[in-house]
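In what follows, a structure is listed as structure tokens, so that the remarks can point back to it.
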Amino acid sequence: MTPAYELVVGMEVHAQLLTQSKMFCGCSANAFDTEPNSNTCPVCLAMPGMLPVINRQAVAQTIRAGLALNCTIGAEAVFARKNYTYPDLPKGYQISQYELPQCSDGWIEIDTAHGAKRIGITRAHLEEDTGKLVHADGVSLVDLNRAGVPLLEIVTEPDLRTIEEVNEYLTRLRQLLVTIGVSSGDMEKGAMRMEANISLRPAGSSSFGTKVEIKNLNSFRAVRNALEYEIRRQSAVLATGGQVEQVTMGWLEHAGRTYVQRSKESAHDYRYFPEPDLPPLAVSREWVAELQASLPELPLARRSRFMAAYGLKLADADVLSADRGVADFFEATLQAVGGVVTPHKVAHWIMGDLFRLLNEHNLDRIPIPAAHFAELLQLVARHVINANTGSQVLKTMFSSGESAARIVERENLAQVSDANVLESAVQSLLAAHPDEVARYQAGKTQLLGWFVGQVMRETRGKANPDLVRQLLQKYL
Amino acid sequence: MIDLSTLTIHACHQLLQKREISAVELTRAYLDRIERLEPRVKAYLHLAPELALAQARQADARRAGGEDNPLLGVPLAIKDMLTIKGMPTTAASRILEGFMPPYEATVISRLRALGAVFLGKANTDEFAMGWSTENSGFFTTHNPWDLTRVPGGSSGGPAAAVAASEAVAALGTDTGGSVRQPASWTNLVGMRPSYGRVSRWGVVAFASSLDQVGPLTRDVRDNALLLTAIAGADPRDSTTMPLEIPDYQAALGQDIRGMRFGLPREYFTEGMHPGVRQTIIDAVATLSDLGAHIEEMSLPTTRYGMPVYYLVATAEASANLARYDGVRYGHSAGADTMWENYRQTRGQGFGPEVKRRIILGAYALSAGYYDAYYLQAQKVRTLIRQDFEQAFAQYDALITPVVPIPPYKIGAAPTDPVEMYLTDILTLPTALAGVPCISVPAGFIAEDGASLPVGLQIIGKPFAEATILQIAYAFEQATLYHRQTPPLAHD
Ligand SMILES: [Zn+2]
Numbered sequence: 001m002t003p004a005y006e007l008v009v010g011m012e013v014h015a016q017l018l019t020q021s022k023m024f025c026g027c028s029a030n031a032f033d034t035e036p037n038s039n040t041c042p043v044c045l046a047m048p049g050m051l052p053v054i055n056r057q058a059v060a061q062t063i064r065a066g067l068a069l070n071c072t073i074g075a076e077a078v079f080a081r082k083n084y085t086y087p088d089l090p091k092g093y094q095i096s097q098y099e100l101p102q103c104s105d106g107w108i109e110i111d112t113a114h115g116a117k118r119i120g121i122t123r124a125h126l127e128e129d130t131g132k133l134v135h136a137d138g139v140s141l142v143d144l145n146r147a148g149v150p151l152l153e154i155v156t157e158p159d160l161r162t163i164e165e166v167n168e169y170l171t172r173l174r175q176l177l178v179t180i181g182v183s184s185g186d187m188e189k190g191a192m193r194m195e196a197n198i199s200l201r202p203a204g205s206s207s208f209g210t211k212v213e214i215k216n217l218n219s220f221r222a223v224r225n226a227l228e229y230e231i232r233r234q235s236a237v238l239a240t241g242g243q244v245e246q247v248t249m250g251w252l253e254h255a256g257r258t259y260v261q262r263s264k265e266s267a268h269d270y271r272y273f274p275e276p277d278l279p280p281l282a283v284s285r286e287w288v289a290e291l292q293a294s295l296p297e298l299p300l301a302r303r304s305r306f307m308a309a310y311g312l313k314l315a316d317a318d319v320l321s322a323d324r325g326v327a328d329f330f331e332a333t334l335q336a337v338g339g340v341v342t343p344h345k346v347a348h349w350i351m352g353d354l355f356r357l358l359n360e361h362n363l364d365r366i367p368i369p370a371a372h373f374a375e376l377l378q379l380v381a382r383h384v385i386n387a388n389t390g391s392q393v394l395k396t397m398f399s400s401g402e403s404a405a406r407i408v409e410r411e412n413l414a415q416v417s418d419a420n421v422l423e424s425a426v427q428s429l430l431a432a433h434p435d436e437v438a439r440y441q442a443g444k445t446q447l448l449g450w451f452v453g454q455v456m457r458e459t460r461g462k463a464n465p466d467l468v469r470q471l472l473q474k475y476l
Numbered sequence: 001m002i003d004l005s006t007l008t009i010h011a012c013h014q015l016l017q018k019r020e021i022s023a024v025e026l027t028r029a030y031l032d033r034i035e036r037l038e039p040r041v042k043a044y045l046h047l048a049p050e051l052a053l054a055q056a057r058q059a060d061a062r063r064a065g066g067e068d069n070p071l072l073g074v075p076l077a078i079k080d081m082l083t084i085k086g087m088p089t090t091a092a093s094r095i096l097e098g099f100m101p102p103y104e105a106t107v108i109s110r111l112r113a114l115g116a117v118f119l120g121k122a123n124t125d126e127f128a129m130g131w132s133t134e135n136s137g138f139f140t141t142h143n144p145w146d147l148t149r150v151p152g153g154s155s156g157g158p159a160a161a162v163a164a165s166e167a168v169a170a171l172g173t174d175t176g177g178s179v180r181q182p183a184s185w186t187n188l189v190g191m192r193p194s195y196g197r198v199s200r201w202g203v204v205a206f207a208s209s210l211d212q213v214g215p216l217t218r219d220v221r222d223n224a225l226l227l228t229a230i231a232g233a234d235p236r237d238s239t240t241m242p243l244e245i246p247d248y249q250a251a252l253g254q255d256i257r258g259m260r261f262g263l264p265r266e267y268f269t270e271g272m273h274p275g276v277r278q279t280i281i282d283a284v285a286t287l288s289d290l291g292a293h294i295e296e297m298s299l300p301t302t303r304y305g306m307p308v309y310y311l312v313a314t315a316e317a318s319a320n321l322a323r324y325d326g327v328r329y330g331h332s333a334g335a336d337t338m339w340e341n342y343r344q345t346r347g348q349g350f351g352p353e354v355k356r357r358i359i360l361g362a363y364a365l366s367a368g369y370y371d372a373y374y375l376q377a378q379k380v381r382t383l384i385r386q387d388f389e390q391a392f393a394q395y396d397a398l399i400t401p402v403v404p405i406p407p408y409k410i411g412a413a414p415t416d417p418v419e420m421y422l423t424d425i426l427t428l429p430t431a432l433a434g435v436p437c438i439s440v441p442a443g444f445i446a447e448d449g450a451s452l453p454v455g456l457q458i459i460g461k462p463f464a465e466a467t468i469l470q471i472a473y474a475f476e477q478a479t480l481y482h483r484q485t486p487p488l489a490h491d
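Sequences listed follow chains Y and S, in order.
Sequence positions in the first sequence follow this note's numbering and run 1 to 476.
Sequence positions in the second sequence follow this note's numbering and run 1 to 491.
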């Protein structure tokens, strides 16, 4: 069944920027989990006569994000005041880029069922975060530790057509921001907060339907659920000949539904005007070039290179390029194994054993040096240990931090490749199991595996399985 | 006992240097005089005798240790728009009653480092919005030249304090004339420095693109001294300019022969008091005698100064004053709900003029009105700036009156706010252009048996404070009006 309506979505993402200090004062940009209001100063408390000073690092991070998003970079950093009243906003206005965003007219590539697609980035601008309200025992308390932390707001064109595309966009954006070190991407700590602008239109139509804005979406799952809910709600309205109202909605995570926060008529008038306390900050071409040079290889470029240079399949290249740490580890290992192990084998070990161990240990960073990992893979490739033993050794490497060779030596794990030793083990095994030998010789050749297993057990897994197999075939 | 009536910073400096008086004795003398005169003048909102004496003791110790500078041990009055550690800052508003800043203004830190003594916080119109101190949330200051009249504003408190010899000199703030206008009405020298010359950090904001701190002094030399102390870039105020501070003292006493001055005809407005007009005509004659070339010229955008100022200043103020919400500091009504507490706190805390300007400013910024008001005002502001730029291509300075009228009686202000706004019409365009100007004593008008001071305004190119000080000094030394003292000088 083809759906009657097509989904049109534009996303707004607020990403907390990785900087030392807040946007306009010297307070830490990373200490808002501390004692409430301890990470504040007269500037971010908006005391009388306090003035903002632009955090150059935040501007630099914004420009880096803009470059990674293929945006045009503004020649000046210009700020405005966005006026509204709420206790989490100490000045009564938020300092934000408005008419002249730092970055504009860019794009990001995503994968879709129909191939690669460019999602337009309307703008990416810099602003400051608010504090937060804590409601307890019938009173509301204000915590301003987070007030003034720099935020990057990234706004897309209404280019997203399916929930999968939205999810893919958010995943790619997060990947990009984390890779270039602009944001931690830590969703649980609120490092990325999203708003979705959604409308439906009859399939095949080229004009847009009425847009509904859904605010406070704090996880990709919340985005997905909220969009699914809104598609159902709006489809039902349209199907019965109704009109979707232009409103701003919130998302109730626990109830699994949207609710109207305010109507179009009661939309805020933010009375924007240029921030008179901050003359525009010049952004020189030299500075932009310097920032461009500071960008690492971006995930999609790296993915293509992994495929071209190492012959990896798209899916593997995608996994290995998604996280900069993993990708760096992959390439460092490749370099260290010096051709003894194929890229495909290295990829296989990383995505298999290594990822499993990372999961088990609940780690998001690989705790062992690539050189150690490469040594392990070399030991396996040179048949010093077999693959099973290799897995065991890797496990020990995770917990002890020792090198593979040291573990192999200490635990005497080198595989037995001495034909004489294995020959006598094979002979005594066959002598002890005349029935199985007879059945094998009668045609039940699957028993070969069983014989191999028995020898491996005898040698506590250290036997070279290929050699054992050869010897068994010789004597059977 | 020492005669404080004509005491200047440089005179204090000599006495202190020669050990004819100590900073403690000097400070005590001022504190005594304040105690005697304050019931009549009401210049101060807050006095800090103990802090002042402690500073004076330190100054004496520093001088005994071999240190010396013209401000070491000199007692000053500071407008209550500037924060000083250890003293409350209210901006003369009930909404900030009891607020003690845990910081102090950059200009105060600079003066403290030089060893100046802060006697207390002087009165102002609430948030510097006014021309008379009648908008103070606490009380009105009286003009020492005629106690039944206003001293001007908004820096009326600091001006009256110096005029009544309740301080050697003072710091005020000038957003649209708030230093120059009270200086003119109290026979003082009042400077509005170029925008960006003096740090605004720690100065309660009224209108960010207009506010400047300026010295109110008994003579031009003092003004140069105090400006030297407070001027200069501040990394905490991004609107300050990283420029060298010239030697302002060196400019004093230099000939003004051959300088070219413009006399903008638009500044001789209708409704100007004939005494003011005559004073300026006399002043022009004096400057001619000193060898300057003066000619009438035109600043065609002058009449837009008032509407542009009241749009820009109120728009900025509407945002700057949003922080006074009763949540973090200052007055809080303690109402039951959040919105009710906002309403009551701000309703009780702000006076009528402040409310009027917040509403006007918010309106000018509103959707649908922004283009017609705020944006249009910014465009015209650019034209006003260009007007001055063109003038300064031909002239070294411009000569104008400061206020078209002499100080009025307390309570007798024009009741129509628009008519009232005309009081600062001659000081607004310069504020919008960001150019430096100085008000210097130029004579007196006799009215109802009182002798009412009139000031002369000298306007300079951006950052040409040295030039206007040079001209003001030449004029001052040729006329000596600044030596005249008010009737209560020896009370
Ligand atoms: Zn802070």
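Beta carbons: idealized from backbone N, C-alpha and C, even for Gly.
Only a predicted model underlies this, so the values are computations on that prediction, with no experimental measurement involved.
Contact check, Y/G461 vs Y/T396, beta carbons under 8 Å
Between Y/G461 and Y/T396, the C-beta gap is not smaller than 8 Å, which leaves the two residues out of contact.
Under 8 Å, Cβ to Cβ, is there at least one residue of chain Y near S/Y374?
By this cut-off, S/Y374 is an interface position.
Using a Cβ-Cβ cut-off of 8 Å, state whether Y/G74 counts as contacting chain S.
Closer than 8 Å to the CB of Y/G74 there is not a single CB belonging to chain S.
Quick check on the DSSP output: the beta strand (DSSP E) that includes S/E244 runs from which residue to which?
Run containing S/E244: none; DSSP gives neither H nor E here.
Could you spell out the range, first to last residue, of the alpha helix (DSSP H) harbouring Y/Y86?
Counted as a single uninterrupted DSSP element, the stretch harbouring Y/Y86 is not any alpha helix (DSSP H), since DSSP gives it neither H nor E.
Quick check on S/W145 - is its C-beta less than 8 Å from some C-beta in chain Y?
Chain Y, which has no Cβ nearer than 8 Å to the Cβ of S/W145, makes this no.
For Y/D478, I'd like the list of residues in its chain whose CB is within less than 8 Å of its CB, leaving aside the five on either flank, ordered along the chain.
This structure cannot settle anything about residue 478 of chain Y, because the visible part of chain Y is limited to 1 through 476.
On the three-state DSSP scale, how would you describe S/S439?
Here S/S439 sits in strand by DSSP.
Kindly indicate if chain S contains any beta-carbon less than 8 Å away from that of Y/G49.
Answer yes: the Cβ-Cβ gap between Y/G49 and chain S drops below 8 Å somewhere.
Let me confirm a value: S/A169 is counted as buried when at least 16 other C-beta atoms fall within 10 Å, else exposed. Which label applies?
With 16 or more other Cβ atoms within 10 Å, it is buried.
List the residues of chain Y that S/R236 touches, going by C-beta distances under 7 Å, in chain order.
Chain-order list of chain Y residues neighbouring S/R236: L51, V53, by C-beta distance under 7 Å.
Endpoints, the alpha helix (DSSP H) within which Y/I163 is located
Residue range 163-179 is occupied by the alpha helix (DSSP H) that includes Y/I163.
Please tell me whether Y/P299 and Y/T112 are closer than 8 Å, where the distance is taken between their beta carbons.
No, the pair does not count as a contact, with Cβ atoms beyond the cut-off.
Could you check whether the Cβ of S/G349 sits closer than 7 Å to any heavy atom belonging to ligand 1?
Checking every heavy atom of ligand 1 against the Cβ of S/G349, none is found closer than 7 Å.
Range covered by the beta strand (DSSP E) that runs through Y/E109:
Its beta strand (DSSP E) spans residues 103-112.
Return yes when at least one heavy atom of ligand 1 lies under 7 Å from the C-beta of Y/G148, else no.
Between ligand 1 and the CB of Y/G148, the shortest heavy atom gap is smaller than 7 Å.
Examine the Cβ distances between the stretch 28-48 of chain S and the stretch 114-127 of chain S and report whether three or more of them are shorter than 8 Å.
Flag = yes, the stretch 28-48 of chain S and the stretch 114-127 of chain S touch.
Say whether chain S places a C-beta atom closer than 8 Å to the C-beta of Y/S150.
Note on residue identity: the sequence assigns Pro, not Ser, to residue 150 of chain Y. It does not: the Cβ of Y/P150 has no partner Cβ on chain S nearer than 8 Å.
If you measure from the beta carbon of S/R381 to each beta carbon in chain Y, is any gap under 8 Å?
At a cut-off of 8 Å between beta-carbon atoms, S/R381 makes no contact with chain Y.
How is Y/P343 classed by DSSP in three states: helix, strand or coil?
In this structure, Y/P343 counts as helix in the three-state DSSP scheme.
Which residues share a DSSP beta bridge with S/R192?
In the DSSP output, where bridge partners are listed per residue, S/R192 has S/C437.
Chain S within 8 Å of Y/M1, Cβ atoms only:
With a pLDDT of 39 at Y/M1, under the threshold of 50, the modelled position of this residue cannot be trusted; read the value that follows with caution. With a threshold of 8 Å between beta carbons, Y/M1 makes no contact with chain S.
Host beta strand (DSSP E) of Y/K215 (start-end)
Run containing Y/K215: 212-217, per the beta strand (DSSP E) assignment.
In chain S, which residues lie less than 7 Å from Y/F273 when you measure between Cβ atoms?
Within 7 Å Cβ-Cβ: A315, L365, Y374.
Nearest residue (CA-CA) to S/D222, options S/H10, S/F475, S/M100, S/G196
Here the closest residue by C-alpha is S/H10.
Nearest-angstrom Cα separation, counted from Y/A60 out to Y/G325:
Straight-line Cα distance between these residues: approximately 23 Å.
So which of Y/L413, Y/K474, Y/E411 has the shortest CA-CA distance to Y/Q427?
Out of Y/L413, Y/K474, Y/E411, Y/K474 has the C-alpha closest to the C-alpha of Y/Q427.
State yes or no: is the C-beta of S/V284 nearer than 7 Å to some heavy atom of ligand 1?
No - ligand 1 has no heavy atom lying nearer than 7 Å to the Cβ of S/V284.
Identify which residue in S/G449, S/G202, S/A231 has its Cα closest to the Cα of S/I84.
Put simply, of S/G449, S/G202, S/A231 the residue whose alpha carbon is nearest the alpha carbon of S/I84 is S/G202.
Can the beta-carbon of Y/A203 be found less than 8 Å from the beta-carbon of Y/L217?
No, these two residues do not count as a Cβ contact at 8 Å.
Quick one: residues in its chain with C-beta nearer than 7 Å to the C-beta of S/L428, no 5 flanking neighbours on either side, listed in chain order?
Excluding sequence neighbours, S/L428 sits near G176, G177, G305, M306, Y309.
Please name the residue or residues paired with S/L385 in a DSSP beta bridge.
Going by the sequence as given, residue 385 of chain S is Arg instead of Leu. In the DSSP output, where bridge partners are listed per residue, S/R385 has none listed.
Counting pairs of beta carbons, one from the stretch 307-314 of chain Y and one from the stretch 328-346 of chain Y, are three or more of them closer than 8 Å?
Touching, yes, given that three or more Cβ pairs across the two stretches are closer than 8 Å.
Using 10 angstroms around the beta-carbon of S/A167, count the other beta-carbons present and answer buried if the total reaches 16, otherwise exposed.
Classification for S/A167: buried.
Please go through the same chain and pick out, in chain order, the residues whose beta-carbon is closer than 6 Å to the beta-carbon of S/A283, but skip the five residues on each side of it.
Excluding sequence neighbours, S/A283 sits near A442, L456.
Determine the chain Y residues that contact S/G338 at a beta-carbon separation under 8 Å, and present them in chain order.
Inspection of the sequence shows that residue 338 of chain S is occupied by Met rather than by Gly. Here the neighbours are P87, S140.
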